[in-house]
Each structure stands twice: as C-alpha cells, then as structure tokens.
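Number of protein chains: 2
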Amino acid sequence: MNLTVAEENYIKSIYKLQDGQAVVSTNAIAYDLDTKPASVTDMAKKLKEKKLIDYEKYQGISLTPEGKRIAIQIVRRHRLWECFLVDKLSFSWDEVHEIAEELEHVRSEKLINRLSEFLGNPTTDPHGDPIPDAQGKFSKNKQLVSLDKATARRLEVAGVSDQSSSLLEFLNAKGIKLGTQIDVIERYEFDNSVEIKIRNQSAFTISEQVSKNIMVKIL
Amino acid sequence: MNLTVAEENYIKSIYKLQDGQAVVSTNAIAYDLDTKPASVTDMAKKLKEKKLIDYEKYQGISLTPEGKRIAIQIVRRHRLWECFLVDKLSFSWDEVHEIAEELEHVRSEKLINRLSEFLGNPTTDPHGDPIPDAQGKFSKNKQLVSLDKATARRLEVAGVSDQSSSLLEFLNAKGIKLGTQIDVIERYEFDNSVEIKIRNQSAFTISEQVSKNIMVKIL
DNA sequence: AATATTATTTAGATTTGTCTAAATTATATT
DNA sequence: AATATAATTTAGACAAATCTAAATAATATT
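Protein chains in written order, with UniProt numbering: chain R, 1 to 219; chain P, 1 to 219.
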C-alpha cells in the first residue's frame, strides 16, 4: 500500500479522532487537518477505494482494520522521532511536534526499527504517549487519569492530552514536565481550578482547562 | 523561499550536474531525475521565476548564487543524514542513499544543526563526500583523485563518485570501503583495467568503469 | 410537523507536477 | 550549404489535492 503524505495525514487524523467513537465526522476531520469539509469528502472516497476506511455518504468515517494498522505505524514513527529529538538532539518537548510531523512520513521499516533500537526501544514518547511496537502493539500502561479527576494528593505527570504549543509552553514556563511530582494543595469548586505545588517551588493555581489536559499517575 | 520537494530535487540535480560546467542541459537533468525533458522545461520556467536558476530557451540551465546556496544546504542535509544512518543506526554505506533522499527534505535549520553537533560535526559523509557547514562552506579536503588516474602504488579509498546501489554493492562484496588501503599491482593498458590488492586478500582486477568511480588519497 | 440550522456532498475550478505528441531549434554530417 | 539527427520547447492533457459556491441531507427547534 503506497500512500501519499496527504493520505497518511488523513489516516492519522481519523485514528486520533476515532478513539472510542464509532465514526468520525467530516467536519471534525476538516477542522483537525485545517482544511475544508469538501476536501475531506473527496479524500474519503479515495481512502474508501483503497479499503482503508469504511464510509457511506452522510454516515461518518471509520478506519478499517488495515487502516488502523497503518495509522498505528504512523503514530509509532511520529513518537519515535519525538524521542530522538528530545533524547538525542536536546530539543525540549514543546518544540518537537512539527518536526516529527515531517519525519514521520519517511517510510522505511528498517529505519524505524533501527531508530527504535538506537533509542532503547522506548515505550512512551516525551509527552508520555505510548509508542506501539513494530507489530503495532501498545505496552499496556499504568492507568493514567487527567489531573482534574485525580483524587490523590501526590501525583506524577505522565503526559498531556493536548499538545498545542501554547499548553506545552505554559507547562514549560511553570516547570512542569514528564515525571514532575505534584502535590495538590487545594481544589476550588467554583471554577474547578487547582492549586498545586512542585517540590522546592511555591504553590500556584492552574485552570480547569489546563488540569484537564495533564495526565497523571497516582503515586 | 519555500520550495516543494520536487523543486528541491531539481535544484540538487542541477548542482550535482553543473560541477565545473557552465550550464546543464535539459536532457541531462531529465535523465538524472528519471523524468522527461518536457517536464524539465516546465520546471525551469518556475525556478527561473523564483530566481534560483539562470535559464534562456535552448541555452541550458545554471544555478544563481541563491540557487547554489540552497543546493548546498540540501547536500548538507543529505550527507548529515547519511552519517547518522551509518554511524548511529549501523546501516552500511550502500543502503543509506534512498533513505537520506527522503530525510533531506525535512527543512528545519535547528534540526540539522543539532544533528550535525550530535554527530560531532563530521566533514565527510560515509561515501567520503565533503559536508558543507551551516554557512555552506566546504572544509578544503586533501586533493582526491579517481583510482584510474592515480599514479601511486599505495592508495586509500576516500570516496566514490557514483553512488548507484550496483557500484556500492560491488565494492561491498569486494571488501572495499572508506579508508580501505589498496595496493596497485598492475595497470592493463588495453582496457584500462587495474589489478589491485587489499591487505590479507588475494589480488583481483577491476574494470575502468569501476576505477573511474573510486576516489583515492595518495598515501 | 414545519421550519431553521448545521453538516455534508456535488459540481466545477485551480495549482502542482507530470506526461505524450507535435513543433521548433540547435548541432552534426555529408 | 543542405540535410539529417538530436535536443528542446510548446500545446494540450491528466492525476492529486485542494478550494468555493451551490445543492442536498440530517438534525434541532419551534
């Protein structure tokens, strides 16, 4: 199956948006890929032709098993490159996404498997997202919860669910990174903000919007 | 200047073919890029529009200073990635070209400069070709000569001028790699073949075609 | 249920990079 | 110099990926 970069981006987007949902809407994909719904319809026909998605007019889009397999390989490539950029080239986690977005389209199984080996076969990327292995299997992770729902006092940052530069920059500025231990000081009901404290720093408050996007492990 | 992958490939090809020549022909570019002369003419108009080449109908093509600057950056990216693949991911030098051909189009100065640093700012790639620095300057190399023209007895392989898989495979099979020391046993005038010997191996003969493409340093 | 709103698709156009076939220009040969 | 051959360009077409505007279908609201 030889896919264009555009086709790979659609597959990846559908995979990301599907997550649980039965189907993904034309509009959602268009928004995610910063394109127009009409373009999504066009591409849907092509991907259906290639048997990578199930698609009936007006009925939404979902990946076929083959489409999902391909999506997972793309995710694998993306996350391994992110590891490389952070671990080997000393990029910070909030600046690797765009570059990995390009590197992920270089298709060579040998390259990716060697890269994985070189990095020590990591199972999570710098954002805490799991990296599927060459067979597409995810190592089952400890259960992660978003910070706004975690009940424990002491938590460890294990990832972020929104990878927009704005959020990553904010976390960077606050000194929150993967593995950072956080103590929850107080939760404010009226706006669901959370006061937290990082070791050796004074406490500060983060909004619900932020806490919803921080994934944590309970310690 | 935002170039497409196709445009970059044309720039790179023109740079490679120009080397000394005043201009490059439409046909030569078409052959090098495995496309048709008509397509080259089409692209020439576009690149002229962008002021990356000098081009007048029927008069051949040459890079402008800006075109050359860009070409050298592409060459830098290509060769650094080749180093990475060989030095870090244990690829052999005859299998890296195609992959580097894709990686070279990922445009991020920061990425390339960090990669260079990570590799120890190498000045030659696994084929012995010089790697320009971030400013586009080549470190002046010891003068290399092709094996068919070298007069000395003892030589060291410093590169190959043709990087086709077929040649690289041949060299690999014969145990000839970068840094290999060669003794010239005999030169046969009638077909310009050369009998050579590698330490601890029995002598064998290589054709003019091969010897022309092996670049050597005199020891 | 009728109507308004939103989502989706179709139709037709555009851009990029390519092609083939025909026309033109340059170069080589007699 | 005339003619043959080779190189190059033009003209017109195509596929991929996109777009806008209009049409249609699904969903929500009154």
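All residues carry an ideal CB built from backbone N, CA and C; glycine is no exception. Quantities reported herein were computed from a predicted structural model and do not represent experimental measurements.
- Per DSSP, arginine 114(R) is not a residue of any beta strand (DSSP E); the alpha helix (DSSP H) it occupies stretches across 109-118.
- Within 7 Å of the CB of lysine 88(R), the CB atoms of chain P belong to Phe118, in sequence order along the chain.
- In this structure, leucine 89(R) sits near arginine 114(P), with a CB-CB distance shorter than 9 Å.
- For aspartate 54(R), the closest C-alpha among the options Lys12(R), Gly159(R) and Val23(R) is that of Val23(R).
- Of all residues in the region 97-129 of chain R, only Glu98, Ile99, Glu102, Leu103, His105, Val106, Arg107, Ser108, Lys110, Leu111, Arg114, Leu115, Glu117 and Phe118 come within less than 9 Å of chain P when Cβ atoms are compared, listed by chain position.
- Between leucine 85(P) and chain R, the shortest Cβ-Cβ separation is below 9 Å.
- If you draw a 10 Å sphere on the C-beta of arginine 77(P), you find 16 or more other C-beta atoms in it, and that means buried.
- Burial state of valine 86(R) is buried, judged by a 10 Å Cβ sphere holding 16 or more other Cβ atoms.
- Here serine 25(R) is not near isoleucine 74(R), since their CB atoms are 9 Å or more apart.
- Per the coordinates, the alpha-carbon of lysine 57(P) lies some 40 Å from the alpha-carbon of lysine 46(R).
- Taking all protein chains shown into account, arginine 199(R) has fewer than 16 neighbouring C-beta atoms within 10 Å of its C-beta and is therefore exposed.
- Annotated three-state conformation of glycine 159(P) is strand, per DSSP.
- Not a single CB atom of chain P sits nearer than 9 Å to the CB of phenylalanine 204(R).
- In the DSSP assignment, tyrosine 55(R) falls within the beta strand (DSSP E) that extends over 53-55.
- Its chain contains Leu80, Cys83, Phe84 and Asp87 as the residues whose beta carbon lies nearer than 7 Å to that of leucine 119(P), once the 5 sequence neighbours on both sides are disregarded; these appear in chain order.
- For glutamine 18(P), the CB contacts under 7 Å within the same chain, skipping 5 residues up- and downstream, are Val24, Ser62 and Leu63 in chain order.
- When only Cα atoms are considered, glycine 128(R) and valine 96(R) end up about 13 Å apart.
- Inter-residue distance for valine 145(P) and alanine 173(R) is about 55 Å (C-alpha atoms, whole angstroms).
- Spatial neighbours of proline 37(P) in its own chain (CB-CB distance under 6 Å, excluding positions within 5 residues in sequence) are listed in chain order as Thr26, Asn27 and Ala30.
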